[in-house]
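The sequence shown begins at 1 in full-length UniProt numbering and counts up one residue at a time.
Note that beta-carbon positions come from the ideal geometry of N, C-alpha and C, so glycine has one too.
Computed from a predicted model, the values in this text were never measured in an experiment.
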Amino acid sequence: MRFKDLNILFVNDDDNINILLKSQKHRFKNLYISCSENFLNFYINCNTSLDMVVLDLDPFYNKNKDIDFKQILSICSHQQFIFLAKNMKTYKRILRDFAGNRSVVFFKPIKLTAIFDNILFLNKKDLKQIINLNHNVSFDVVEERLYKNDSQIFLTNLEHKLILLLIQNINKLTTFEIIDNIVYDGECPSKIAMQNLVGQLRRKLGLKIKSIRSSGYILHSFN
Numbered sequence: 001m002r003f004k005d006l007n008i009l010f011v012n013d014d015d016n017i018n019i020l021l022k023s024q025k026h027r028f029k030n031l032y033i034s035c036s037e038n039f040l041n042f043y044i045n046c047n048t049s050l051d052m053v054v055l056d057l058d059p060f061y062n063k064n065k066d067i068d069f070k071q072i073l074s075i076c077s078h079q080q081f082i083f084l085a086k087n088m089k090t091y092k093r094i095l096r097d098f099a100g101n102r103s104v105v106f107f108k109p110i111k112l113t114a115i116f117d118n119i120l121f122l123n124k125k126d127l128k129q130i131i132n133l134n135h136n137v138s139f140d141v142v143e144e145r146l147y148k149n150d151s152q153i154f155l156t157n158l159e160h161k162l163i164l165l166l167i168q169n170i171n172k173l174t175t176f177e178i179i180d181n182i183v184y185d186g187e188c189p190s191k192i193a194m195q196n197l198v199g200q201l202r203r204k205l206g207l208k209i210k211s212i213r214s215s216g217y218i219l220h221s222f223n
């Protein structure tokens, strides 16, 4: 999946961020920007299928307004979101009735580049369904299931999120920042904890995960 294939909607009330977003429009098939006040009306009347909605929850929280997710999901039941919030209180109140899936919450501040990385991560349309990780281990990307010697095996929640993230970036660097945001929801206790989690995957699955000093990890494909 490339940015040029994606239709993205940013819902944001910060004029400075909107200026930055407008400078990035050329990277996407369509990049729409809406303020929180007009979000629902924009979404309902948008005639483009949106691959991702990046939604800042704070303006809704500050104005004590709810978001009609039922109406949104009645239009597109599989709509994906990246939610942005300054704290846990914000997203817990706004998202208390959210029934969608394949969506994530990130705490602000977060770099725009990290948001873009996660847009690609959550859109998996061009990935093969089955990826062989070594002689014995394979991963079904669509079903997000792991197999060893053709039998399904189960990982812990953190291990599952990490292997999925590494597979999305196979043969490419997965940075510490992205692992923290995706796997630990921005709350990784320490680099040691992250190292231990990677080590668990290496031992359980026999994977070639290379540590890149001060940067992150690379999962190498099986030749």
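{"Asked": "Thinking residue 225 and Q79 are a contact (beta carbons under 8 Å), I'd like their distance in whole angstroms, please.", "Found": "Here the chain comprises residues numbered 1 to 223, so residue 225 is not present and cannot be evaluated."}
{"Asked": "Relative to the C-alpha of G206, which candidate in S221, L95 and E177 has its C-alpha closest?", "Found": "S221"}
{"Asked": "Counting pairs of beta carbons, one from the region 36-44 and one from the region 149-169, are three or more of them closer than 8 Å?", "Found": "no"}
{"Asked": "Are I115 and F106 touching if we call contact CB-CB under 9 Å?", "Found": "yes"}
{"Asked": "Name the residue from I44, N64, I209 and R2 whose alpha carbon lies nearest to the alpha carbon of C76.", "Found": "I44"}
{"Asked": "Would the beta-carbon of I131 fall within 9 Å of that of I153?", "Found": "no"}
{"Asked": "Taking just the CA atoms, how far does E177 sit from C188?", "Found": "10 Å"}
{"Asked": "In angstroms, rounded to a whole number, what distance separates the CA positions of N64 and I179?", "Found": "32 Å"}
{"Asked": "Under the three-state reduction of DSSP, which class applies to F154: helix, strand or coil?", "Found": "coil"}
{"Asked": "Here's a check: name, in chain order, each residue in its chain whose Cβ is nearer than 8 Å to the Cβ of N134, leaving out the five neighbours to either side.", "Found": "L205, G206, L207, K208 and F222"}
{"Asked": "For G199, count neighbouring Cβ atoms within 10 angstroms of its own Cβ and tell me buried if that reaches 16, exposed if not.", "Found": "exposed"}
{"Asked": "What is the rounded straight-line gap between the Cα of L55 and the Cα of N7?", "Found": "14 Å"}
{"Asked": "Quick check on the burial criterion: 16 or more other C-beta atoms within 10 angstroms. Buried or exposed for T156?", "Found": "exposed"}
{"Asked": "Let's see if you can read the secondary structure: which residues bound the beta strand (DSSP E) around T175?", "Found": "L173 to T175"}
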